[in-house]
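J.: Taking the working numbering, the leading residue of the sequence shown gets 36, the next gets one more, and so forth. Glycine included, each C-beta is placed from N, C-alpha and C at the ideal position.
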Amino acid sequence: MPENVKVGDRVIVDPYVYCGKCYPCSIGRTNCCESLKVIGVHIDGGMQEVIRHPAHLITKVPDNLPINQLPLAEPLTIALHALHRANLKENEHIIIIGAGAIGLMAALVAIQYGAVPILVDILDKRLEYAQSLGIEHIINPQKEDDINRIKEITNSRMAEVVMEASGANSSIKNTLHYASFAGRIALTGWPKAETPLPTNLITFKELNIYGSRTSKGEFEEALNMLSTHKIDASNIITKSINFEEIPNFISELSNNPENYLKINAVFQMNNQ
């Protein structure tokens with residue numbers, strides 16, 4: 036058990052269980068483990084009242100962080116990992132494609148890092164909400180010329196960093212057009228099918244393209260950002276529901292994605 040954790044403390048679980056023996060694990064890239072198992076994906080039982088989990092994959096929760104905000108920590112680590120992979124620097128422009136919870140939090144983190152986020156999505160409601168949170172530059176590529184708009188914002192340079200957080204094939208292809216010469220791209224979204232790419236642009240612009248899978252060691256930073264209100268959880272959690280309502284809201288979220296960012300399911304534990 037971590038030295039700063041004792042029985043009775045509130046902790047958060049890092050759900051990415053790695054083997055510790057393969058090549059990626061041997062170089063510290065545990066999120067790339069060849070046999071990575073994720074609680075709730077490959078391993079059932081994550082919603083039990085009591086679970087057994089590797090002690091080195093738990094992190095103590097700050098005392099001032101309400102329990103209803105903890106579900107944001109894991110998606111926030113994914114946003115952080117993508118920005119770390121692309122080595123986002125102060126004053127750089129970063130285009131983030133996809134204004135869901137991960138993309139929106141990435142944009143808010145970029146502001147904290149001193150960078151300039153440009154959020155791209157096809158859902159106006161999400162873009163308008165992002166703008167209300169202080170994200171100045173928003174683009175709907177279905178309603179305006181995205182390339183020209185990016186040139187206006189970046190003084191024709193295009194973006195030094197592009198993060199793809201939607202998984203849409205067309206968006207993955209667009210990252211090559213949105214990136215500046217010598218730009219960096221972090222691919223976070225999971226496409227449903229293979230994406231043909233104009234690879235000549237990768238060579239011509241000498242782009243660095245990084246896969247960004249889950250997260251590695253970002254939980255402490257995520258918890259710190261939430262507990263210090265650098266990321267305001269109330270801006271991301273759009274609804275809380277009871278456990279019994281989950282099936283209905285899976286359908287509701289699928290049919291009306293523009294109405295929600297993050298939905299919390301509340302479990303009522305019986306006193307024993």
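#1: Counting only runs that start and end within the segment 50-105, where is the alpha helix (DSSP H) found for 4 or more residues in a row?
#2: Which residues in the same chain have their Cβ closer than 7 Å to the Cβ of Val46, if we skip the five residues on either side of it in sequence?
#3: Hey, how far is the Cα of His91 from the Cα of Glu179?
#4: Would you mind listing the beta strand (DSSP E) stretches within the segment 170-258 that are 3+ residues and don't spill past its ends, in chain order?
#5: Quick check on Arg120: buried or exposed, where buried means 16 or more other Cβ atoms within 10 Å of its Cβ?
#6: Go to Lys297, then tell me how far its beta strand (DSSP E) extends in each direction, as first and last residue.
#7: Measure the CB-CB distance between Gly218 and Leu236 and report whether it falls below 7 Å.
#8: Give the DSSP-derived three-state secondary structure of His128 in the structure shown.
#9: Who are the near neighbours of Ile207 in its chain, counting only those whose CB is closer than 8 Å to its CB and skipping five residues on each side?
#10: Which residues in the same chain as Leu105 place their Cβ atom closer than 6 Å to its Cβ, once the five residues preceding and following it in sequence are excluded?
#11: Tell me, please, whether the segment 123-138 touches the segment 189-198 by the rule of three or more beta-carbon pairs shorter than 8 Å.
#12: Can you list, in chain order, the residues of its chain with a C-beta nearer than 6 Å to that of Gln307? Leave out the 5 residues immediately preceding and following it.
#13: Work out the CA separation of Ile157 and Gln166 for me, nearest whole Å.
#14: Buried or exposed: Asp44, going by 16 or more other Cβ atoms within 10 Å of its Cβ?
#15: Buried or exposed: where does Glu253 fall if 16 or more other Cβ atoms within 10 Å of its Cβ makes it buried?
#16: Under 7 Å, do Ile281 and Ala257 count as touching if we go by C-beta distance?
#17: Compare the C-alpha of Asn59 against each of Arg161, Leu71 and Leu143 and name the closest.
#18: Buried or exposed: where does Ala117 fall if 16 or more other Cβ atoms within 10 Å of its Cβ makes it buried?
#19: Who are the Cβ neighbours of Ala136 in its own chain at under 7 Å, not counting the five residues just before and after it?
#20: Distance, Cα to Cα, Lys251 vs Tyr164?
T.: The relevant details are as follows:
#1: 58-61
#2: Position 11 of the sequence shown holds residue 46. The residues are Val40, Ile93, Thr94, Lys95 and Val96.
#3: Stepping through the sequence shown from its first residue, residue 91 is reached at position 56. Stepping through the sequence shown from its first residue, residue 179 is reached at position 144. Roughly 48 Å separates the two Cα atoms.
#4: 172-174, 194-199, 214-222 and 243-246
#5: By one-based count along the sequence shown, residue 120 stands at place 85. Looking at its Cβ environment, which holds 16 or more other Cβ atoms inside 10 Å, Arg120 is buried.
#6: Mapped onto the sequence shown, residue 297 falls at position 262. Counting along the chain, the beta strand (DSSP E) containing Lys297 begins and ends at Lys297 to Val301.
#7: Residue numbering aside, residue 218 sits at position 183 when the sequence shown is read from its first letter. Residue numbering aside, residue 236 sits at position 201 when the sequence shown is read from its first letter. Contact flag unset, no.
#8: Against the sequence shown, residue 128 aligns to sequence position 93. His128 falls in the strand class under three-state DSSP.
#9: Along the sequence shown, one-based indexing puts residue 207 at 172. So the list reads Glu199, Leu222, Gly224, Pro226, Thr230 and Leu232, once near-sequence residues are dropped.
#10: Here residue 105 corresponds to residue number 70 of the sequence shown, with the count starting at 1. For Leu105, where only same-chain residues beyond five positions count, the Cβ hits under 6 Å are Ile47.
#11: yes
#12: Here residue 307 is taken as the residue at index 272 of the sequence shown, counted from 1. Legend: pLDDT at Gln307 = 42, less than 50; position of this residue unreliable, no value from coordinates given.
#13: As a position in the sequence shown, residue 166 is number 131, starting the count at 1. As a position in the sequence shown, residue 157 is number 122, starting the count at 1. Gln166 and Ile157: Cα-Cα distance of roughly 14 Å.
#14: Numbered from its first residue, the sequence shown carries residue 44 at position 9. The residue is exposed, with fewer than 16 neighbouring Cβ atoms inside 10 Å.
#15: Sequence index remark: in the sequence shown, residue 253 carries index 218 (1-based). Buried, since its Cβ has 16 or more Cβ neighbours within 10 Å.
#16: Counting from 1 along the sequence shown, the entry for residue 281 is found at position 246. Counting from 1 along the sequence shown, the entry for residue 257 is found at position 222. Against a cut-off of 7 Å, the Cβ pair of Ala257 and Ile281 comes out as no contact.
#17: Start at 1 with the first residue of the sequence shown, and residue 59 comes out as number 24. Note that residue 59 corresponds to Pro in the displayed sequence, not to Asn. Taking only the C-alpha atoms, the option nearest Pro59 is Leu71.
#18: One-based indexing of the sequence shown puts residue 117 at position 82. Its Cβ being crowded by 16 or more others within 10 Å, Ala117 is buried.
#19: Position 101 of the sequence shown, counted from the start, is the residue given in the question as residue 136. Closer than 7 Å at the Cβ level, and outside the excluded window around Ala136, lie Pro110, Ile271, Leu296 and Lys297.
#20: Your numbering for residue 251 matches position 216 in the sequence shown. Your numbering for residue 164 matches position 129 in the sequence shown. Taking the straight line from one Cα to the other gives about 29 Å.
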